[in-house]
Amino acid sequence: MAVLLALRDVDARYGQVAALRGVTLTVDEGEIVAILGANGAGKTTTLRAVSGTVRRSGTIELAGRSVARKGPEAMARLGVAHVPEGRGTFSELTVWENLRLGAHVRRGSLKDDFARVFEYFPWLEERRAQQAGTLSGGEQQMLALGRAVMQRPRLLLLDEPSLGLAPLVVAEIFRIVGELNEREGTAVLLVEQNARTSLAAASRAYVLEVGQVAFSGSSDELAERDTIRKSYLGY
Amino acid sequence: MRLRPPTLAGIVVTVVVAAIIALLPFGLSDYHRSTGATVAVFFIAILALNIVTGYTGQISIGHGAFMAVGGYTTAILTHNHGWNDLATLPVAVIAGFVAGLIVGLPALRLHGVYLALTTFAVALAVPQLVSNYSKFTGGVVGLSLPSHSGLWLYEVSWAVAGIMFVCAWLLLRGRTGRAFRAIRDSEVAAASSGVTLAVYKTVAFGVSAAMAALAGSLYVLVNSYASPTIFGLTLSLYILIGAVVGGLGSLWGVLVGAAFVELLPLGLTSAGVGSSQSVPVIFGAVVIGVMALLPLGAANLLRMFLHFGSQIGQHSDNPLGTEGR
Amino acid sequence: MAIRPTTSWIVPAGLAAICLFLVIGSLDSALFAQQTVSGLANGGIYASLAVALVLIYRATEVINFAQGALATFTTYIAWQLFAWGLSYWEGFFATLAIAFVVGFGVELVAIRPVERRGNQLTVVIAAIGLLILVEGAIGWIWGNDIKFMPPPFPAHIYRVGGVSFSRQDLSTIGISIAAVVLLWLFFQFTKVGLAMRAAAVRPDAARLVGVRVSWMLSLGWGLAAVLGAVAGLMAAASPATLLQPSMMDSVLIYAFAAAVLGGLESAAGAVIGALLIGVALNLLSAYVSWVTPQLLLPVAFLLMLVFLLVKPSGLFGRTRVRKV
Chain A
1 MAVLLALRDV
11 DARYGQVAAL
21 RGVTLTVDEG
31 EIVAILGANG
41 AGKTTTLRAV
51 SGTVRRSGTI
61 ELAGRSVARK
71 GPEAMARLGV
81 AHVPEGRGTF
91 SELTVWENLR
101 LGAHVRRGSL
111 KDDFARVFEY
121 FPWLEERRAQ
131 QAGTLSGGEQ
141 QMLALGRAVM
151 QRPRLLLLDE
161 PSLGLAPLVV
171 AEIFRIVGEL
181 NEREGTAVLL
191 VEQNARTSLA
201 AASRAYVLEV
211 GQVAFSGSSD
221 ELAERDTIRK
231 SYLGY
Chain B
1001 MRLRPPTLAG
1011 IVVTVVVAAI
1021 IALLPFGLSD
1031 YHRSTGATVA
1041 VFFIAILALN
1051 IVTGYTGQIS
1061 IGHGAFMAVG
1071 GYTTAILTHN
1081 HGWNDLATLP
1091 VAVIAGFVAG
1101 LIVGLPALRL
1111 HGVYLALTTF
1121 AVALAVPQLV
1131 SNYSKFTGGV
1141 VGLSLPSHSG
1151 LWLYEVSWAV
1161 AGIMFVCAWL
1171 LLRGRTGRAF
1181 RAIRDSEVAA
1191 ASSGVTLAVY
1201 KTVAFGVSAA
1211 MAALAGSLYV
1221 LVNSYASPTI
1231 FGLTLSLYIL
1241 IGAVVGGLGS
1251 LWGVLVGAAF
1261 VELLPLGLTS
1271 AGVGSSQSVP
1281 VIFGAVVIGV
1291 MALLPLGAAN
1301 LLRMFLHFGS
1311 QIGQHSDNPL
1321 GTEGR
Chain C
2001 MAIRPTTSWI
2011 VPAGLAAICL
2021 FLVIGSLDSA
2031 LFAQQTVSGL
2041 ANGGIYASLA
2051 VALVLIYRAT
2061 EVINFAQGAL
2071 ATFTTYIAWQ
2081 LFAWGLSYWE
2091 GFFATLAIAF
2101 VVGFGVELVA
2111 IRPVERRGNQ
2121 LTVVIAAIGL
2131 LILVEGAIGW
2141 IWGNDIKFMP
2151 PPFPAHIYRV
2161 GGVSFSRQDL
2171 STIGISIAAV
2181 VLLWLFFQFT
2191 KVGLAMRAAA
2201 VRPDAARLVG
2211 VRVSWMLSLG
2221 WGLAAVLGAV
2231 AGLMAAASPA
2241 TLLQPSMMDS
2251 VLIYAFAAAV
2261 LGGLESAAGA
2271 VIGALLIGVA
2281 LNLLSAYVSW
2291 VTPQLLLPVA
2301 FLLMLVFLLV
2311 KPSGLFGRTR
2321 VRKV
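Protein chains in written order, with my numbering: chain A, 1 to 235; chain B, 1001 to 1325; chain C, 2001 to 2324.
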């Protein structure tokens, strides 16, 4: 499989504080890769480095092209959909408008895209005129995913999709992510504190510790190694 | 300005600057001396604004109105009732203080941009009121006052300015100053640590207005003339510009700001750079440029150069809503 | 983040009562009806400028103190176009186009560099600097003397049941409403309009979906300038207003008051506020003898102040709770 995303020796900082130090990772086309680690390890920052929402240095390549200097608007145009922590919902706009915004970078008719999103999330269609801020947390997460689907991205960056959600909802979300990956071939870079769920969904994972990659390997490998599971993954 | 006792460097600089100011008029023509007096007037007005905007974070674009209160008190007492002009100054201060309390009370309910807009409207409304009640105020025509020599004006104005500087410095370094700063940085935190918000904020307005009124009285003396036009919106705008360009929350910035708003336009004209028509264009452009390059004002630049201390430099100095509206 | 819409019934009820009052009064007295209509016309002018203010405020949380001066500037450009021989409507639309470019350009050149490193207050000061610059530029280019603006069409009086309405007043109402409605349609139903709303509401999330937020800001300023131009042209068309550099100064205050009344974030609120202010001021000056033309501004200010003290977030604003 071809490499879609490559990070080599990437540093990132917030003001004077270094959040990432020399992070190197790859995501192949059509892969689901997880980033795990404790709070403050730099997981969210890694996603931000990819989408261009944090100051970073180092090599970042998307399908072979360097994107290290590009901002989030450009990255969206290149097919990267970033669903941030907190979902980034436009609370004052309607569900339909939120979805429409997801397709901002797309040209041409969106009929098929809306149809697809409503296939994944049938209940969204009924609620299209509802103000997005009045949806529940789980619904907003699904709306955010729907927005990402509208974008038809090559790479989906998912930040803590399970945060604050009930297990049933989380399961549903991961199921849909898996479907997206299978049907559309969308690669996914997933940040999650819930290691068990993410290792189940992803084929490979990186474990971050204080801004650096401490371990990496296939999900099976990581799940099997007791030391890693207990120290880093909490189970 | 700061909580620490004055540094030796600070004292030396103050003395040197004071000496320069005291000796300057002897090298200047009469006209330039009255210009110097006007700088002093702006100094006091900007100092006054700093108390309210720089220290307690209540934005006011209406300080010209407080100046009008003081100015017209002096003008009316001198012109209509024959008072000695200097004797009117204490009355002007009291009038200003009362006006400040009157504004400060409703201001408690208004925050950030709403307060800015209200004071902006006050700045526009006061000249209208003045021209309307022309029986007392001489209306649009204005009131004339006895004139004084440039030297007299210069010395009186700067003497008052010096006294105000010391008063402000004393006020701001003590407990009151700490309370003011706490209010600016976070009202919620200040209130929870026992600072009676309403009292401090209103008093700040009162003191600020009193000082501005004093500046207004001197302004009227310098011009030997009081009219609604000289107290128009432009005056309030210039005071605010001076405060921000100089650097909010900095006593030295006040001097820079006062010099900026009074001397720059004049300097441009006499240097032949602009005609009286194009000077506002250049001035406006310079203000925008200064905001783009030195958002925290000149005083911050100075501070960065001389490492005087980083307290103000680290603030975003945002009276328009550090706290949310 | 969940939002509680203001559910108070007091506001709509109050507005309905006011409308009723106006209708009854108009039916009762010709003078009342005339003052109400010309008050609505004035209100239309304030409304255009008020919506411009709200537009910029929603996008940047900055009050553009230079909005009035920019409106005057574009009106002078219209005057110049007429002086060069354009017909009224040619000049009108050309001015709107030029106004868009001016607003867009001003944001790009003067505001963006300041916004990059400064905070809200520095942007406000820059806007004030802009105000001084623009009014100075008007005086520099065209002089401070009063200019004569050609009227849009020959004056005509319509009579309905003993009440006379001027064609100008009715057109002003119509054009102002049309401008605001067109803008609303733009925001609700176009892709760019949606992108602008998104950029105003959550710029960081908007960037993630590919919206170029800084360009949206410039676009906002351009549109605001167009609205200002409409206000300026309507103001200058009235025989009571003289074309001079300070023409829109007091209109700006009324527009502010209207925007504040409406809650600063609601364009609809600003329009309603503007119409209310326009009518109220007209009726006051007609029926209350001590309200002279010079007192209009202070009175308006006082009303605004009283209103703000009672309802600080305006008619349609969201009440923000600050707990201590």
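Quick reminder that beta carbons are idealized off the backbone N, C-alpha and C, glycines included.
- Here the region 1204 to 1219 of chain B makes contact with the region 1100 to 1110 of chain B; the two share three or more CB pairs at distances below 8 Å.
- Secondary-structure assignment with DSSP links Arg1173/B through no beta bridge to anything.
- Ala1213/B has a beta carbon lying at 7 Å or more from every beta carbon in chain C.
- Under the three-state reduction of DSSP output, Arg65/A falls in the strand class.
- Residue-level contact check: Ala2231/C does not touch chain A, since none of the beta carbons of chain A fall below 7 Å from its beta carbon.
- With contacts defined as CB atoms closer than 7 Å, Ala2041/C and Thr2172/C qualify as a contacting pair.
- For Ala19/A, the enclosing beta strand (DSSP E) begins and ends at Val17 to Asp28.
- By the criterion of a C-beta distance shorter than 7 Å, Ala202/A is surrounded in its chain by Ile32, Val33, Ala34, Leu190 and Ser219, once the five residues flanking it on both sides are discounted.
- Excluding its 5 nearest sequence neighbours in each direction, Ser2250/C has C-beta neighbours in its own chain below 7 Å: Leu2297, listed in chain order.
- DSSP places Glu224/A in no beta strand (DSSP E) but in the uninterrupted alpha helix (DSSP H) bounded by Ser219 to Glu224.
- Put simply, of Leu2096/C, Val2180/C and Tyr2076/C the residue whose alpha carbon is nearest the alpha carbon of Ala2267/C is Val2180/C.
- With respect to the 7 Å criterion, Tyr1219/B and Gly1071/B are classified as neighbours on the basis of their beta carbons.
- Under a criterion of Cβ atoms nearer than 9 Å, no residue of chain C is adjacent to Glu184/A; the nearest Cβ is some 18 Å distant.
- Here His1111/B is actually not in contact with Ser1236/B; their C-beta atoms are around 19 Å apart, not less than 8 Å.
- Counting other Cβ atoms within 10 Å of its Cβ, Thr53/A reaches 16 or more and is therefore classed as buried.
- Using a Cβ distance threshold of 7 Å, Gly2105/C and Ala2224/C do not count as a contacting pair.
- Residues of chain C with a Cβ closer than 8 Å to the Cβ of Val23/A do not exist, since the nearest Cβ in that chain sits about 21 Å away.
- Judged by DSSP in its simplified three-state form, Ala2274/C adopts helix.
- Taking a C-beta cut-off of 7 Å against chain C, the contacting residues of the region 1087 to 1111 of chain B are Pro1106, Arg1109 and Leu1110, listed in chain order.
- The contact set of Met2304/C on chain B, defined by CB atoms closer than 9 Å, consists of Leu1117, Thr1118 and Ala1121 in chain order.
- At a cut-off of 7 Å between beta-carbon atoms, Val2211/C makes contact with chain A.
- Taking C-beta separations shorter than 8 Å and ignoring five residues to either side along the sequence, the partners of Arg2197/C in its chain run Phe2187, following chain order.
- If you check the CB distance, Leu4/A and Leu155/A come in under 7 Å.
- Identification of chain A residues near Val2054/C by a Cβ-Cβ cut-off of 9 Å yields none; the smallest Cβ-Cβ distance measures about 14 Å.
- Rounded to whole angstroms, Thr1176/B and Val1041/B show a C-alpha spacing of 25 Å.
- Contact between Leu2130/C and Ala2155/C is absent: CB atoms are separated by about 35 Å, not below the 8 Å threshold.
- In the assembly as shown, Glu139/A is a buried residue. Its beta-carbon has 16 or more other beta-carbons within 10 Å.
- Excluding five sequence positions before and after Glu61/A, the CB atoms of its chain that fall closer than 6 Å to its own CB belong to Ala6, given in chain order.
- The criterion of a C-beta distance shorter than 7 Å is satisfied by Ala1037/B and Tyr1154/B.
- In the DSSP annotation of this structure, the continuous segment of the alpha helix (DSSP H) that includes Leu1233/B starts and ends at Leu1233 to Gly1246.
- In the DSSP assignment, Ile1051/B falls outside any alpha helix (DSSP H) and carries neither an H nor an E.
- The C-beta of Ala2257/C has 16 or more other C-beta atoms within 10 Å across all chains shown, which makes the residue buried.
- Pairwise C-beta distances place the region 68 to 88 of chain A in contact with the region 2202 to 2215 of chain C, as three or more of them are shorter than 8 Å.
- For Asn1300/B and Gly2068/C, the gap between their C-alpha atoms comes out near 32 Å.
- In this structure, Val2123/C places its C-beta atom within 7 Å of the C-beta atom of Val2114/C.
- Note on geometry: alpha-carbon atoms of Glu2265/C and Pro2312/C lie some 13 Å from one another.
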